[in-house]
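Number of protein chains: 2
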Amino acid sequence: MSLSKLKRLTIALAIASNLLPMAPSNRTLADEGMWLFNALPKKQLASKYQFEPSQSWVDHVMLSSVRFNSGGSASFVSSNGLVLTNHHVAADTLFKLSTAEHNYNEDGFLAKTFEEEIPATDLELNQLISIEDVTAKVNEAIKPDMPPADAFKARQAAMAQIEKDSLDKTGLRSDVVTLYGGGRYHLYRYKKYTDVRLVWAPEAASAFFGGDADNFEYPRYCLDVTLFRVYEDGKPAKIDHYLKMDPNGAKDGDLVFVSGNPGRTRRILTSDAVEFQRDTALPRTLNLLRRKEIALQQYGLEGPEQTRRGRDDLFGVQNSRKAYTGMLAGIQDPLFIESKRKNEQDIFNTLKADPKLANLVGAWDTIRDLQNKRREMLLKPASLRTQLAGFAEKIVLMASEDAKPSAQRLREFRDSARQSLEQELFSEVPVYEDLERTLLADELSRLAEDRGGNDPLVKTALAGKSPRNRAAEIIAGTKLASAQARKELAQKGLDGIKNSTDPLVALIRDIEPEYRKIREATEAIDEQERQAYAKVTEAKFAVGGDSVYPDATFTLRLSYGAVSGYESKGKQIPSHTKLGGAFEHEKVHLQKDPWVLPKSWHAAKEKLNPDIPFNFVSTCDIIGGNSGSPVVSRDGAMVGIIFDGNIESLPGDFYYSDKQARSVSVHIAGVLEAMRKIYNAGHLADQMGK
Amino acid sequence: MSLSKLKRLTIALAIASNLLPMAPSNRTLADEGMWLFNALPKKQLASKYQFEPSQSWVDHVMLSSVRFNSGGSASFVSSNGLVLTNHHVAADTLFKLSTAEHNYNEDGFLAKTFEEEIPATDLELNQLISIEDVTAKVNEAIKPDMPPADAFKARQAAMAQIEKDSLDKTGLRSDVVTLYGGGRYHLYRYKKYTDVRLVWAPEAASAFFGGDADNFEYPRYCLDVTLFRVYEDGKPAKIDHYLKMDPNGAKDGDLVFVSGNPGRTRRILTSDAVEFQRDTALPRTLNLLRRKEIALQQYGLEGPEQTRRGRDDLFGVQNSRKAYTGMLAGIQDPLFIESKRKNEQDIFNTLKADPKLANLVGAWDTIRDLQNKRREMLLKPASLRTQLAGFAEKIVLMASEDAKPSAQRLREFRDSARQSLEQELFSEVPVYEDLERTLLADELSRLAEDRGGNDPLVKTALAGKSPRNRAAEIIAGTKLASAQARKELAQKGLDGIKNSTDPLVALIRDIEPEYRKIREATEAIDEQERQAYAKVTEAKFAVGGDSVYPDATFTLRLSYGAVSGYESKGKQIPSHTKLGGAFEHEKVHLQKDPWVLPKSWHAAKEKLNPDIPFNFVSTCDIIGGNSGSPVVSRDGAMVGIIFDGNIESLPGDFYYSDKQARSVSVHIAGVLEAMRKIYNAGHLADQMGK
């Protein structure tokens with residue numbers, strides 16, 4: 006369940022808590038690291054695992070990997086376009102394709118023919134094609150004494166220009182990625198697939214067996230997989246690089262690799278920045294998550310259809326709440342911050358001993374001072390987090406942004422990202438009026454709580470009404486639930502926004518100046534941190550040598566590790582579970598919700614081989630966004646698919662440990678057996694790996 | 006469900022959010038008011054309802070009323086000691102009497118004979134005997150230029166002395182109650198009943214039919230009642246004043262009275278104080294409640310026994326969360342604060358026109374300035390809210406307090422309250438280690454979040470360990486789960502505390518200085534507010550004449566109103582529901598949890614008269630703490646029992662309205678019919694009213 010949801014939420018939350026800069030940790034330990042495909046840890050792999058990846062092995066794994074732009078990972082698993090990901094990565098799509106009559110998320114789906122495969126209107130899949138270092142070009146734009154806000158804009162402009170030139174030249178999606186917290190800039194080029202169709206999904210009860218209770222736990226028994234297929238020109242795409250299946254792989258002790266898109270880690274953070282997370286940012290995030298969890302639970306109590314409508318959001322929020330709770334627990338441990346402080350002291354000592362490096366120490370002070378400014382920004386939000394308000398915010402901002410040259414716009418509105426943005430804004434997706442009304446009322450309340458009832462922005466937003474009445478009025482009046490209406494409004498540009506009588510557009514228009522003010526101030530802080538973390542990176546390179554990897558950035562990385570159980574509460578937890586164990590797990594929990602296997606499983610029980618491996622754990626270093634990542638053998642074949650991390654892995658945002666932290670995968674043998682024996686999907690299993 | 010739970014929680018939360026001072030609202034409207042038994046609104050009753058209560062009517066109703074010291078109201082309903090209250094007031098007891106084998110809360114209970122009635126070890130019931138005005142005596146203690154902290158202590162000492170003298174003289178529980186926010190002090194004398202036994206309770210599924218979803222909603226179908234019996238000298242107590250039953254009462258439009266113990270209203274608050282509640286205190290309280298709700302839900306996921314163990318707390322927290330959400334929504338409405346400000350402006354104008362009153366305006370400024378000090382205190386708590394930590398805190402404080410004369414102690418440790426305190430601390434009640442561990446870990450986390458990880462108190466509390474590990478260590482080591490151990494520790498006094506190696510005692514001992522510092526500062530603020538609100542009260546008496554009642558103080562009050570439906574979302578909601586409606590309500594909700602009537606109801610369906618009234622609403626002004634209050638006719642007979650308010654009544658903490666706000670009762674006819682036809686409790690029904 007956890008990883009892509011978490012990723013989705015970290016992206017959403019990033020607006021408030023800021024996409025913090027990334028940079029390498031000081032020294033890699035054990036199987037630590039989410040490595041760049043153009044800078045793999047060859048020395049460690051050779052010495053610890055006697056493995057030397059060839060360039061063709063690396064290219065094959067990279068080109069077989071797929072990113073779900075909505076947040077998650079996947080891989081090509083057949084020459085005719087099949088893409089395997091997690092059910093919980095697909096859940097957003099399954100949910101959007103469902104109606105009161107057909108609940109594909111709960112009941113599953115199977116296309117028996119190509120014709121029955123259902124287009125997922127707003128999905129975009131990315132295949133990484135190439136990586137190019139453009140650090141020098143980006144840094145050229147920054148003059149020594151530029152004020153932070155100007156430096157930020159100049160840097161954005163340089164990045165946007167590089168992206169535009171690349172797009173014009175190659176026709177490929179081109180993203181400049183900030184690595185090492187600003188220490189490096191790489192240009193990533195992606196082939197995009199936008200005709201993506203749903204092929205097969207099991208029931209949620211099998212994919213998410215054990216529900217919120219089992220989430221982040223191990224042992225597990227989840228068939229957390231879903232198959233899509235990419236199309237080109239209306240036909241199944243012909244794919245050159247796809248993974249072969251290895252149902253006999255991932256034995257205890259085996260070296261395995263995870264190729265996916267970890268969303269965000271913050272291992273570079275200085276201890277002052279971690280303390281800001283510990284004492285301010287994460288507690289705030291958790292309050293927000295609990296608030297949304299309760300609001301969605303209450304909404305679901307209104308009836309079974311409401312339960313269905315809210316479920317996808319609720320699962321996502323619960324998952325994030327559990328993840329953030331684990332994260333915060335990790336950094337509340339006094340031992341962690343103590344060892345981090347000690348480690349910093351060691352670095353300072355080394356730096357101070359070298360006159361060429363001594364001035365780098367100042368970067369830590371800069372970062373400390375910036376945390377107070379972050380706090381101020383955090384406490385006065387100016388965004389309303391609902392689906393419709395999100396559409397409105399983007400369309401309103403876009404109107405002014407489009408009047409500027411691409412390079413000077415807010416980053417999400419640059420030309421090179423336009424196609425993806427339009428896919429997001431103008432696709433037909435279900436909008437539930439009653440859910441929107443509930444969530445908007447809650448958001449207006451929250452705005453009033455955060456800023457105080459006397460704040461001018463709050464007064465404007467409420468327009469003299471209670472949050473509930475105001476939300477009811479806005480949702481009754483807005484037309485933005487219609488994709489067509491959103492498109493028409495966007496096409497009218499700035500005049501259209503200015504003259505709009507849509508109450509939601511009017512509200513967002515009123516909020517816009519404050520939103521821009523906060524965003525600008527935040528981006529200036531980001532820029533100052535970026536420059537400071539570039540120095541921290543320089544210091545760490547100087548101290549730590551070459552064993553450094555950048556923090557996660559929702560771009561393709563390779564992790565490695567061993568299939569391996571672990572000890573918990575004095576008990577040895579084996580690395581694998583078996584298909585038959587699912588029935589026992591159901592029995593132990595008295596077959597009570599959420600431990601109820603679907604009927605399809607019980608019907609097929611006699612046919613199933615109970616000894617086939619089902620889920621397994623490894624020491625690979627993963628984080629939210631890795632959901633759906635293929636787990637690959639030395640031979641470059643698929644042995645499993647990541648779907649979770651255990652509870653002990655949750656502090657992974659801030660540090661890695663291989664003592665108890667484990668990534669959790671579905672074994673490919675279990676997937677193939679279930680497809681054939683339970684789901685009548687043998688025709689698809691036969692296509693896989695071929 | 007709601008009211009006593011809310012009361013219980015408001016008492017608990019009062020530590021953080023402070024028992025704010027009370028005083029009259031400016032003008033009473035409609036059926037507004039929670040009136041003192043020695044100052045009833047005779048003029049309003051006569052003019053609106055042509056009713057003039059005789060002194061014997063007043064005495065009879067007062068003496069028939071009972072307060073549950075644990076938070077809630079009740080009444081004597083037979084000459085042989087039967088006491089009728091709500092199931093949710095009794096839930097705490099039902100929960101404590103239950104074990105993994107016998108779940109009286111879920112499954113109900115029936116004593117067929119006196120012998121089968123089960124003693125509830127820690128219950129104390131209070132019957133109000135007399136009221137005496139002691140304002141002059143209390144105010145004598147305060148010298149004009151005393152600093153606030155000294156004035157606070159002098160006032161406390163004067164109150165304790167009055168109580169002690171009264172106790173010595175009468176042997177009755179004697180409490181000096183602060184009314185009108187410090188404008189008046191009354192001495193309340195109570196007869197105490199401490200041998201209280203459980204007689205009959207229906208299943209939770211009937212008492213709380215519709216669960217959290219239906220809570221605060223109307224129409225309702227809840228049999229939210231439980232019968233206790235008070236004993237004296239080991240025999241059923243002989244009761245002189247008890248209520249007769251009137252199953253034909255509470256017809257539409259009838260005048261009815263509610264005699265009970267509303268816990269806290271804050272209608273006197275100045276608009277600055279309301280804004281502090283709106284922007285700081287209530288959002289904080291809601292964050293805390295949501296946090297506890299999620300923690301208890303997660304704990305319940307561990308298994309059915311955990312679900313049972315956590316249920317009572319969970320229901321209480323959910324109830325409070327819903328109540329506070331409604332309260333906050335009420336004061337976030339800009340119209341409310343606007344009209345309050347306008348009303349204050351009118352008062353200022355009147356005051357300024359009179360040279361003798363003009364200086365009273367300064368009280369509003371004082372209160373405004375004090376809100377910032379309150380905020381500071383609120384943000385740095387020094388208490389851990391768990392059952393065991395609560396025991397430890399009281400025992401540790403008591404050891405030092407007992408070294409002082411009674412009049413100088415913290416109020417809860419004065420001699421006159423000692424018996425009740427010992428009943429609370431030294432009764433055998435179940436303590437669940439795993440639940441305590443979960444909640445203590447959460448509380449340690451919360452302490453770290455509120456004060457920051459670098460705070461000295463947090464460092465002391467965590468002792469270098471993560472919150473979870475520290476909680477595990479403390480709960481494994483403490484002996485305080487045993488009533489005997491608590492008693493022995495308390496008996497050893499200050500040396501016992503100093504030398505204790507119990508890790509929980511040691512922790513609380515370490516926190517004690519900071520706790521005392523905050524408490525002292527808070528009490529100084531309280532005293533300053535008390536003096537200011539006394540002036541506000543004086544001003545309001547001067548402007549508003551004699552139609553003033555004090556804010557609720559968890560002491561006996563009389564409310565009045567009419568049985569009356571109301572309009573909601575364009576629909577007319579009838580005042581009554583009928584027994585037969587429960588089955589229809591179950592059907593409409595597809596018999597899904599929480600809309601599942603117990604088997605007993607289905608078994609008795611054919612015997613029941615479906616047309617007997619079940620629940621009804623009236624305009625009586627109530628609030629948390631009124632749960633279980635008898636609803637009484639003009640003739641002083643029982644027609645129902647309060648158990649809830651509707652959603653629209655939730656802002657009642659801050660203002661009354663009779664437009665949609667309604668109190669919700671079980672009709673006594675429904676109670677008697679269910680006892681006879683469903684619960685085989687005809688022998689008890691026969692005793693009632695006799």
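Sequences listed follow chains F and H, in order. According to our numbering, the first sequence is numbered sequentially starting from 6. According to our numbering, the second sequence is numbered sequentially starting from 6. No residue lacks a Cβ here, since even glycine has one placed at the ideal position from N, Cα and C.
Three-state secondary structure assigned by DSSP to residue i
i	result
W62 of chain F	helix
S78 of chain F	strand
V182 of chain F	strand
T527 of chain H	helix
S30 of chain F	Caution is warranted here: a pLDDT of 38 is assigned to S30 of chain F, below 50, making its placement in the model unreliable, and the coordinate value is therefore given only provisionally. The answer is coil: DSSP assigns S30 of chain F none of H, G, I, E or B.
H246 of chain H	coil
I273 of chain F	coil
L677 of chain F	helix
E591 of chain F	helix
A206 of chain H	strand
S432 of chain F	coil
V366 of chain H	helix
M693 of chain F	coil
Identity of the residue in the options nearest residue i by Cα
i	options	result
Q428 of chain F	F:A358, F:A125 and F:A206	F:A125
R225 of chain F	F:Q311, F:K583 and F:D317	F:K583
R160 of chain F	F:G633, F:D691 and F:A529	F:A529
I578 of chain H	H:K664, H:I352 and H:A278	H:K664
K158 of chain F	F:A116, F:R194, F:V263 and F:S411	F:S411
S325 of chain H	H:I652, H:E591, H:R189 and H:D556	H:I652
M382 of chain H	H:E519, H:G367 and H:A422	H:E519
A690 of chain H	H:V204, H:R414, H:K240 and H:E517	H:V204
Beta-carbon proximity of residue i to residue j, cut-off 8 angstroms
i	j	result
L41 of chain H	Y554 of chain H	yes
K169 of chain F	D370 of chain F	no
A674 of chain F	D447 of chain F	no
I336 of chain H	F81 of chain H	no
Y329 of chain H	L287 of chain H	yes
Y661 of chain H	D626 of chain H	yes
E441 of chain F	Q392 of chain F	yes
P267 of chain F	A557 of chain F	yes
L445 of chain F	I480 of chain F	yes
L184 of chain H	Y565 of chain H	no
E591 of chain H	L602 of chain H	yes
Rounded Cβ spacing between residue i and residue j (contact assumed at less than 8 angstroms)
i	j	result
V568 of chain F	S623 of chain F	5 angstroms
G315 of chain H	G308 of chain H	11 angstroms between Cβ atoms; not a contact.
H191 of chain F	V139 of chain F	7 angstroms
E122 of chain H	R202 of chain H	4 angstroms
F233 of chain H	T90 of chain H	7 angstroms
I513 of chain H	E398 of chain H	5 angstroms
G215 of chain H	W606 of chain H	With a Cβ gap of about 14 angstroms, G215 of chain H and W606 of chain H do not count as contacting.
- Using a beta-carbon distance cut-off of less than 7 angstroms, what residues from the stretch 284 to 299 of chain H approach chain F? D284, P288, N292, R295, R296, E298 and I299
- Task: Pull out every residue of the stretch 469 to 486 of chain H whose Cβ sits closer than 9 angstroms to any Cβ of chain F, in chain order.
- Result: G469, K470, S471, P472, R473 and N474
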